[in-house]
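Going by this note's numbering, the letters in the sequence shown line up with residues 1 to 65, in that order.
Note that CB positions come from ideal geometry on N, CA and C, so glycine has one too.
Predicted, not measured: the structure shown is a model, and the values here were computed from it.
Taking it in order: structure first as structure tokens, then the write-up.
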Amino acid sequence: MDRIITLLLWVLLIANAVALIVTLIDLWPDNPLKEYSFLLGISFITLGGLARQVNKRKSESQLKH
Numbered sequence: 001m002d003r004i005i006t007l008l009l010w011v012l013l014i015a016n017a018v019a020l021i022v023t024l025i026d027l028w029p030d031n032p033l034k035e036y037s038f039l040l041g042i043s044f045i046t047l048g049g050l051a052r053q054v055n056k057r058k059s060e061s062q063l064k065h
């Protein structure tokens, strides 16, 4: 179960990073994500911090066993 949650978290983080890059590069003139660039940035920081904590906790639990 932990692997599924970790994998899902990393997939969400990568998808969020791709959406943020598409928003900031401005490839399309009428980019619908442009309005949500602030929220995408905040969610990327939040998901990145959460992924870091999960990874750290997972590695600490593996060291104990």
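Buried/exposed call for residue i, threshold 16 Cβ in 10 Å
i: L20; result: buried
Test item: CB-CB of residue i and residue j under 8 Å
i: T23; j: V54; result: no
i: L47; j: L13; result: yes
i: L40; j: L50; result: no
i: N16; j: F44; result: yes
For residue i, the nearest candidate out of the options (CA to CA)
i: D2; options: K64, Y36 and R57; result: R57
For residue j and residue i, the rounded distance between their alpha carbons
i: I25; j: I42; result: 17 Å
i: R52; j: D30; result: 34 Å
Sequence-distant residues of its chain with Cβ nearer than 7 Å to residue i (five each side left out)
i: L63; result: none
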